[in-house]
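*Asks:* Residue numbers (UniProt numbering): 1 to 359.
1. Given this structure, state the Cα-to-Cα distance separating residue 142 from residue 162, to the nearest angstrom.
2. For the beta strand (DSSP E) that contains residue 44, what are its first and last residues?
3. If we call anything under 8 angstroms between Cβ atoms a contact, is residue 216 one with residue 192?
4. Just verifying my parser: in three-state terms, what is the DSSP assignment at residue 251?
5. Count the other C-beta atoms from every protein chain shown that fall within 10 angstroms of the C-beta of residue 174, then say buried if there are 16 or more, exposed otherwise.
6. State yes or no: is the C-beta of residue 300 within less than 8 angstroms of the C-beta of residue 265?
7. For residue 383 and residue 178, what's the separation of their Cα atoms in angstroms?
8. Okay, do the stretch 253–269 and the stretch 224–242 touch, 3+ Cβ pairs below 8 angstroms being the bar?
9. Does the beta-carbon of residue 282 have 16 or more other beta-carbons within 10 angstroms, so that it is buried, or is it exposed?
10. Check for me: the beta strand (DSSP E) holding residue 307 runs from which residue to which?
11. According to DSSP, is residue 49 part of a helix, a strand, or is it coil?
12. According to DSSP, is residue 214 part of a helix, a strand, or is it coil?
13. What whole-angstrom Cβ distance do residue 157 and residue 164 have, given they're in contact under 8 angstroms?
14. Taking contact to mean 3 or more Cβ pairs, one atom from each stretch, closer than 8 angstroms, check whether the stretch 304–318 and the stretch 205–224 are in contact.
15. Identify which residue in 125, 182, 146 has its Cα closest to the Cα of residue 211.
16. Out of 279, 289, 252, which has the shortest C-alpha to C-alpha gap to residue 221?
17. What would DSSP say about residue 6, mapped onto helix, strand or coil?
18. Please report how far the alpha carbon of residue 101 lies from the alpha carbon of residue 17, in whole angstroms.
19. Measuring alpha carbon to alpha carbon, tell me which residue in 187, 113, 180 is nearest residue 152.
20. Counting only the same chain and skipping the five closest in sequence on each side, list residues whose C-beta sits under 8 angstroms from that of residue 93.
21. Roughly how many angstroms lie between the CA atoms of residue 293 and residue 80, to the nearest whole one?
22. Check the DSSP bridge columns for residue 89 and list the partner residues they point to.
23. Report the option in 287, 329, 267 whose CA atom is closest to the CA atom of residue 312.
24. Which same chain residues, not among the five before or five after residue 336, have their C-beta less than 7 angstroms away from its C-beta?
25. Look up residue 284 in the DSSP assignment and say whether it is helix, strand or coil.
26. For residue 133, count the other beta carbons within 10 Å of its own beta carbon; 16 or more makes it buried, fewer makes it exposed. Which is it?
27. Can you give me the Cβ contacts of residue 166 inside the same chain, cut-off strictly under 7 angstroms, excluding the 5 residues immediately before and after it?
28. With respect to the alpha helix (DSSP H) encompassing residue 78, which residues constitute its N-terminal and C-terminal limits?
29. Is it right to say residue 87 is buried, meaning 16 or more other beta carbons lie within 10 angstroms of its own, or is it exposed?
30. When you compare only the Cα positions, how much space is there between residue 170 and residue 214?
31. Going by the beta-carbon positions, is the gap between residue 329 and residue 139 smaller than 8 angstroms?
32. For residue 8 and residue 188, which I take to be in contact (beta-carbon distance under 8 angstroms), what is that distance rounded to the nearest angstrom?
33. Let me confirm a value: residue 20 is counted as buried when at least 16 other C-beta atoms fall within 10 Å, else exposed. Which label applies?
34. For residue 41, count neighbouring C-beta atoms within 10 Å of its own C-beta (all shown protein chains included) and say buried if the count is 16 or more, exposed if not.
35. Cα separation between residue 154 and residue 242?
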């Protein structure tokens, strides 16, 4: 039944209401079936994705080759400014699980598969924010079965202890850090998870697919964003007037640590982390600086500012936020990769009106 999806998921993939979906059935555009004990009708995923693709270029589904299949995910979802991991509110996940338990929950696997050994002395020679991608690249390079998709989730779970060793100067067991990386596990179809899914669609192995995600994550507008937020917090802690620090921090109209494309209000991840710091260390200088910045900016902070406060208060340096983003998001990217393996291959392909460049 893996090729069949529920009415709700089918409607989401098409971007229509359930009533519209049933009208497609009555017009013979789609087929549906019912199973005993199922509350919703089931639809063939290929039919749904073909119809979704056809809608984008105005041609009937039967008149074209499928060039793109719509994407939805069960790894995480965002609704009313709340983030859900596998259907559970992030705040509940953080209240009841540490990062290790949350990783097993999101990857839906209990036992890790041990990762191939790598020479950590080589990894230690590069900057800390490059060590996790390099570790995974070396693991992939030394694995003769790196394209084997068997036990992909268990392989991803087995990566985590090796990644922790690669960045051993950061205490990943610290309660604030454990909480932060848990909040960073996934946040919908972000650039990093999408990049990993594109690679998985071409049937890259789990290590190479995650590497594609790290490449997207390295950008200053994604995983690299906490570094700029750190510099802002650091400046205010060191005595720079908040107005001057804010003015210096703005780049291309963006204020680091603020705003997010999917949240209209407060970023729930930031709220969770700030609440913990406030409870544990209410006199934190970095937290006080963040409060000044938020009050003067008049906007809701995002998780990058919370990450900056953690890194500054614990003395980890400006690039630690990127490392923690990589570590936490490894779980989410791997979960998306495993999910993508269940889809039709090579579905990430846009229309091209010129010569055939599909290869």
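All C-beta atoms, glycine included, are put in the ideal place defined by N, C-alpha and C.
Just so it is clear, the structure is predicted and the values come from calculations on it, not from any experiment.
*Replies:* Taking the geometry as given:
1. 14 angstroms
2. 42–44
3. yes
4. strand
5. exposed
6. yes
7. Here the chain comprises residues numbered 1 to 359, so residue 383 is not present and cannot be evaluated.
8. yes
9. exposed
10. Taken as a continuous stretch (DSSP letters only), residue 307 belongs to no beta strand (DSSP E), being part of the alpha helix (DSSP H) at 303–313.
11. helix
12. helix
13. The Cβ separation is near 12 angstroms, so there is no contact.
14. no
15. 146
16. 252
17. strand
18. 36 angstroms
19. 113
20. 85, 102, 105, 182
21. 25 angstroms
22. 84
23. 287
24. 73, 75, 193, 196, 197
25. coil
26. buried
27. 120, 123, 131, 132, 135
28. Unbroken run through residue 78 is the beta strand (DSSP E), 76–79; no alpha helix (DSSP H).
29. exposed
30. 19 angstroms
31. no
32. With 8 angstroms as the limit, residue 8 and residue 188 do not qualify as a contact, their Cβ atoms being about 17 angstroms apart.
33. exposed
34. buried
35. 46 angstroms
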